[in-house]
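*Asks:*
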Amino acid sequence: MCGIVGYIGHKQASDIVLNGLEALEYRGYDSAGLVFFDQQNRPELIKQTGRVKNLLPLLDQVNRANQLAIGHTRWATHGLPTSNNAHPHTNNDQTIFVVHNGIIENYLQLKSLLTNQGYTFNSETDSEVIPMLIDYYYKKLKNFDNGLRAALADLKGTYALAIINSQQPDTIYATRLSSPLVIGVGQDEHYLASDPNAILEHTKKVIFLEDYDLAIISKNKIEINNLSKKRRRKIKSELLDYDQEKSELGNYPNFMLKEIFQAPTTIKEACVGRLLADQGLVKLGGLEMVNSQLNYIDRIVIVGCGTSYYAGLVGEYLIEELANIPVEVQLASEFKYRKEPFSRSTVILAISQSGETADTMAALEKVDGYGCLKLGLVNAVGSSIARMTDAGVYCHAGPEKAVASTKAFISQVTILILIALYLSKGNNQDYQALINEIVNLPTKAQAVLDQAANIKKVALKYKDYANFLYIGRGYNYPCALEGALKLKEITYIHAEGYAAGEIKHGPLALIDKSFPTLAIAVNSSPLLNKTISNIEEIKTRGGPIIALATMGNKKLARIVDDVIYLPDALGPTQAILSAICLQLFAYYIAEAKGLNIDQPRNLAKSVTVE
Ligand code: F6R
Numbered sequence: 001m002c003g004i005v006g007y008i009g010h011k012q013a014s015d016i017v018l019n020g021l022e023a024l025e026y027r028g029y030d031s032a033g034l035v036f037f038d039q040q041n042r043p044e045l046i047k048q049t050g051r052v053k054n055l056l057p058l059l060d061q062v063n064r065a066n067q068l069a070i071g072h073t074r075w076a077t078h079g080l081p082t083s084n085n086a087h088p089h090t091n092n093d094q095t096i097f098v099v100h101n102g103i104i105e106n107y108l109q110l111k112s113l114l115t116n117q118g119y120t121f122n123s124e125t126d127s128e129v130i131p132m133l134i135d136y137y138y139k140k141l142k143n144f145d146n147g148l149r150a151a152l153a154d155l156k157g158t159y160a161l162a163i164i165n166s167q168q169p170d171t172i173y174a175t176r177l178s179s180p181l182v183i184g185v186g187q188d189e190h191y192l193a194s195d196p197n198a199i200l201e202h203t204k205k206v207i208f209l210e211d212y213d214l215a216i217i218s219k220n221k222i223e224i225n226n227l228s229k230k231r232r233r234k235i236k237s238e239l240l241d242y243d244q245e246k247s248e249l250g251n252y253p254n255f256m257l258k259e260i261f262q263a264p265t266t267i268k269e270a271c272v273g274r275l276l277a278d279q280g281l282v283k284l285g286g287l288e289m290v291n292s293q294l295n296y297i298d299r300i301v302i303v304g305c306g307t308s309y310y311a312g313l314v315g316e317y318l319i320e321e322l323a324n325i326p327v328e329v330q331l332a333s334e335f336k337y338r339k340e341p342f343s344r345s346t347v348i349l350a351i352s353q354s355g356e357t358a359d360t361m362a363a364l365e366k367v368d369g370y371g372c373l374k375l376g377l378v379n380a381v382g383s384s385i386a387r388m389t390d391a392g393v394y395c396h397a398g399p400e401k402a403v404a405s406t407k408a409f410i411s412q413v414t415i416l417i418l419i420a421l422y423l424s425k426g427n428n429q430d431y432q433a434l435i436n437e438i439v440n441l442p443t444k445a446q447a448v449l450d451q452a453a454n455i456k457k458v459a460l461k462y463k464d465y466a467n468f469l470y471i472g473r474g475y476n477y478p479c480a481l482e483g484a485l486k487l488k489e490i491t492y493i494h495a496e497g498y499a500a501g502e503i504k505h506g507p508l509a510l511i512d513k514s515f516p517t518l519a520i521a522v523n524s525s526p527l528l529n530k531t532i533s534n535i536e537e538i539k540t541r542g543g544p545i546i547a548l549a550t551m552g553n554k555k556l557a558r559i560v561d562d563v564i565y566l567p568d569a570l571g572p573t574q575a576i577l578s579a580i581c582l583q584l585f586a587y588y589i590a591e592a593k594g595l596n597i598d599q600p601r602n603l604a605k606s607v608t609v610e
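Numbering (the numbering used here), first residue to last: 1 to 610.
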């Protein structure tokens, strides 16, 4: 999704900004742009649809001697992906330039006010009102700083902003509200980015901006005022202790296939130093430090979006079954607006791969006043959600570059098993069996991957159907939801996930010979026979059926049209094996259709707007 990079110093700013934007490419975007002032203080504004590298030929046509630049990658929310709608946006005099992440909710109202004042707009975006509004107040108040503050006070919504103006060609203004922004500190130079990964190769010394901070950044000085607290803020820099996450394709045709095939390693990485199988111990350092609070919890609310939400649903079954603590899983986008009782003895657990998902961040912000413990299960080290939570567990799955999440789900579920075991304090009859099972899980995951050719054969047989139903029970119900999401995202085929027991309450009406069902019917489910009855109900109505079954289950092969066999495993670990299989199933259909698998249409990796 949208990304911001800025630089001021003694190096060629436009090149640094361009490199930074490239580091953010995997997040998904549809256009890019940057602006800098040339030696005569004239602005060079360059923007283009498509890849960041499309800016290069345009940059080659201008004098690149510049020491200050701001740039942006845009993921369209308001207005089509066109070069006019790309950032930076500017005022009518082309003296103020702004890049914006987030959404200005009252932009229509502001646009109409400004139009009445004679301003003309060149884009369909919400963002363009910002430079116009700053211009309006600047002219009125005759002071840029005051004009900017007045404009910010009128904005409703979320934003991370980098702003430059031709009167102060040696200054970048930066501010944020519910959208991340970080300043990188160098030797007589400063960087700015919405994601530290964009600047990590230059500096690890950073200052994270807080909501309502307004930073005035020059080569060798930073001043930060907090506009809400109405005072200058003490600047506290911190040293990031991780390197830029690099990920190469190797021999894989795309990142999604690579990331699916990383499942065995992902499981191992999630468990390193945490699962001490021979001692029957689960050690989660991040949770140990809040043990005293964990001893008094009586409810866990898990929040997340998309795939992370589905991992949370597996976690609900797990924690309730193993640790006997009531769990509720909520979509972050719903949770943040719900009015519900919430007490200090409830723990909120936010699950997120990117650690930057706006809805999940807002869910955490909502509980700020309740004094409850905030935990995170996050992949991206140092991300906003990791910093917003009191404690938590990192996935350590490494960078996930394909937009559709695969290895993050595997990692999240693995860690949720560890969390459930940890919270159970060993008081569960399945405790040691599950620990032993996790030790074997990478080998079993590899066994699923070894069947890729067979999964592909089945996928190709079904690639032309327009609809799919995915069903499962227990741990495999969230897997059915996740499998259907993967199919939708990367093949654009309509798919619905359902609890198998629910199909007779409605979805059965859809079933005919053109509507196949993918049924997860594995031996580990105590309700296997009930799922088989559901399969029979579908069969009777002429629906084609693919079953995910446990190796050796011959009975299912006689009922269904196609079977994909999975290794036998205990309940929650079985969900991981089913998920890998469903990821491959969706992948091979998308491949056969010749689609852009890593960057499906309309989607972005990191969803930083509501
Ligand atoms: C699905 C997918 C999305 C994300 C969701 C949450 O393949 O990628 O549904 O799972 O946007 O993202 P994170 O986990 O980064 O909070």
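Don't be surprised by glycine CBs; every beta carbon is placed ideally from N, CA and C. All values derive from a computational prediction rather than experimental measurement.
Go through its chain and collect everything with a Cβ distance to Arg-274's Cβ below 7 Å, but skip five positions before and after it.
*Replies:* Taken in chain order, the residues that qualify are Val-282, Lys-283, Leu-284, Leu-418.
*Asks:* Give the straight-line distance between the Cα atoms of Asn-291 and Ile-348, rounded to the nearest whole angstrom.
*Replies:* Going from the Cα of Asn-291 to the Cα of Ile-348 covers about 15 Å.
*Asks:* Under 9 Å between the Cβ atoms of Ile-576 and Leu-441?
*Replies:* Taking 9 Å as the Cβ cut-off, Ile-576 and Leu-441 qualify as a contacting pair.
*Asks:* Mind pulling the alpha helix (DSSP H) runs of 4 or more residues that sit fully within the segment 43-87?
*Replies:* Segments of the alpha helix (DSSP H) lying fully in the segment 43-87: 56-60.
*Asks:* For Asn-225, list the residues DSSP reports as bridge partners.
*Replies:* Bridge partners of Asn-225: Leu-214, Arg-232.
*Asks:* What whole-angstrom Cβ distance do Ile-597 and Ala-402 have, given they're in contact under 8 Å?
*Replies:* Confirmed, about 7 Å.
*Asks:* Are the beta-carbon atoms of Val-522 and Ala-569 separated by less than 9 Å?
*Replies:* Contact: yes.
*Asks:* Return the first residue and the last residue of the alpha helix (DSSP H) that Val-129 is part of.
*Replies:* Counting along the chain, the alpha helix (DSSP H) containing Val-129 begins and ends at 129-141.
*Asks:* If you draw a straight line from the alpha carbon of Gly-304 to that of Ala-358, how long is it in whole angstroms?
*Replies:* Using only the alpha carbons, I get a separation of about 10 Å.
*Asks:* Quick check on the burial criterion: 16 or more other C-beta atoms within 10 angstroms. Buried or exposed for Tyr-29?
*Replies:* Buried, by the Cβ-count rule.
*Asks:* Using 8 Å as the Cβ pair cut-off and three pairs as the minimum, do the segment 478-497 and the segment 528-541 touch?
*Replies:* With the cut-off at 8 Å, the segment 478-497 and the segment 528-541 do not touch.
*Asks:* Give the secondary structure of Phe-335 by DSSP, where H, G and I count as helix, E and B as strand, and everything else as coil.
*Replies:* If DSSP states are grouped into helix, strand and coil, Phe-335 belongs with the helices.
*Asks:* Residues around the ligand F6R, please: the condition is that the C-beta lies closer than 5 Å to some non-hydrogen atom of it.
*Replies:* Result (chain order): Cys-305, Gly-306, Thr-307, Ser-308, Ser-352, Gln-353, Ser-354, Thr-357, Ala-404, Ser-405, Val-607.
*Asks:* Can you give me the start and stop residues for the beta strand (DSSP E) that Gln-168 sits inside?
*Replies:* Residues 168-177.
*Asks:* Below 7 Å CB to CB, which residues in the same chain sit around Leu-59 once its five sequence neighbours on both sides are set aside?
*Replies:* Around Leu-59: Ser-14, Ile-46.
*Asks:* Quick one: give me the first and last residue of the alpha helix (DSSP H) that Glu-536 is part of.
*Replies:* Element bounds for Glu-536: 528-540.
*Asks:* Should the segment 322-338 be regarded as contacting the segment 380-392, the criterion being three or more beta carbon pairs within less than 8 Å?
*Replies:* No contact exists between the segment 322-338 and the segment 380-392.
*Asks:* Is it the case that the Cβ atoms of Met-1 and Ala-404 are separated by a distance below 9 Å?
*Replies:* Cβ distance not < 9 Å, so Met-1 and Ala-404 don't count as in contact.
*Asks:* For Pro-196, I'd like the list of residues in its chain whose CB is within less than 8 Å of its CB, leaving aside the five on either flank, ordered along the chain.
*Replies:* Excluding positions up to five away in sequence, the list reads Val-182, Gly-184, Val-206, Leu-240, Gly-382.
*Asks:* Determine the direct distance from the alpha carbon of Leu-108 to that of Asp-154, and round the result to whole angstroms.
*Replies:* When rounded, the distance between both Cα atoms is 12 Å.
*Asks:* If Phe-36 sits next to Asn-66, beta carbons under 8 Å apart, how far is it from one beta carbon to the other, in whole angstroms?
*Replies:* Sure, about 4 Å apart at Cβ, within 8 Å.
*Asks:* Hey, could you find the ends of the alpha helix (DSSP H) Phe-409 is sitting in?
*Replies:* 407-424 is the span of the alpha helix (DSSP H), which, as asked, contains Phe-409.
*Asks:* Taking its Cβ as the centre, do 16 or more other Cβ atoms sit within 10 Å of Thr-443, making it buried, or is it exposed?
*Replies:* Classification for Thr-443: exposed.
*Asks:* Let me know the secondary structure DSSP gives Gly-483 once reduced to three states.
*Replies:* Residue state, collapsed to three classes: helix.
*Asks:* In chain order, what residues of the same chain have a beta carbon less than 7 Å from the beta carbon of Asn-165, not counting five sequence neighbours either side?
*Replies:* Thr-95, Ile-96, Phe-144.
*Asks:* Just to confirm my understanding: we take Gly-9, look at its own chain, exclude 5 residues before and 5 after, and list those with CB closer than 7 Å. What are they?
*Replies:* Only Gln-67, Gly-186, Asp-188, Glu-189, His-190, Lys-219 meet the Cβ criterion.
*Asks:* Residues in its own chain within less than 6 Å of Gln-293 by CB, not counting five upstream and five downstream?
*Replies:* Contacts found: Leu-373.
*Asks:* Where do the N-terminal and C-terminal ends of the beta strand (DSSP E) with Thr-266 fall, by residue?
*Replies:* Run containing Thr-266: none in the beta strand (DSSP E); it sits in the alpha helix (DSSP H), 263-271.
*Asks:* With the cut-off set at 9 Å, would you say Ile-538 and Ala-480 are in Cβ contact?
*Replies:* Contact: no.
*Asks:* Per DSSP, what kind of secondary structure is Phe-515 in: helix, strand or coil?
*Replies:* Note: Phe-515 maps to coil in three-state DSSP.
*Asks:* Can you give the Cα-Cα distance for Pro-399 and Ala-263, rounded to whole angstroms?
*Replies:* Rounded to the nearest angstrom, the two C-alpha atoms are 13 Å apart.
*Asks:* So, at 7 Å on beta carbons, what are the nonlocal neighbours of His-100 in its own chain, with the 5 sequence-adjacent residues on each side left out?
*Replies:* So the list reads His-87, Ser-127, Ile-130, Tyr-159, Leu-161, once near-sequence residues are dropped.
*Asks:* Is the beta carbon of Tyr-470 sitting closer than 9 Å to the one on Leu-527?
*Replies:* Their beta carbons are not under 9 Å apart, which means Tyr-470 does not touch Leu-527 by this criterion.
*Asks:* Which residue from Ser-352, Leu-582, Thr-573, Gly-594 puts its Cα closest to that of Phe-261?
*Replies:* Residue Leu-582 is the option with its Cα nearest to Phe-261.
*Asks:* Ordered along the chain, which non-local residues of its own chain (more than five positions away) have a Cβ less than 7 Å from that of Trp-75?
*Replies:* Met-1, Cys-2, Gly-28, Tyr-29, Asp-30, Ala-604.
*Asks:* Would you give the residue range spanned by the beta strand (DSSP E) that Arg-299 belongs to?
*Replies:* Note, Arg-299: beta strand (DSSP E), 299-304.
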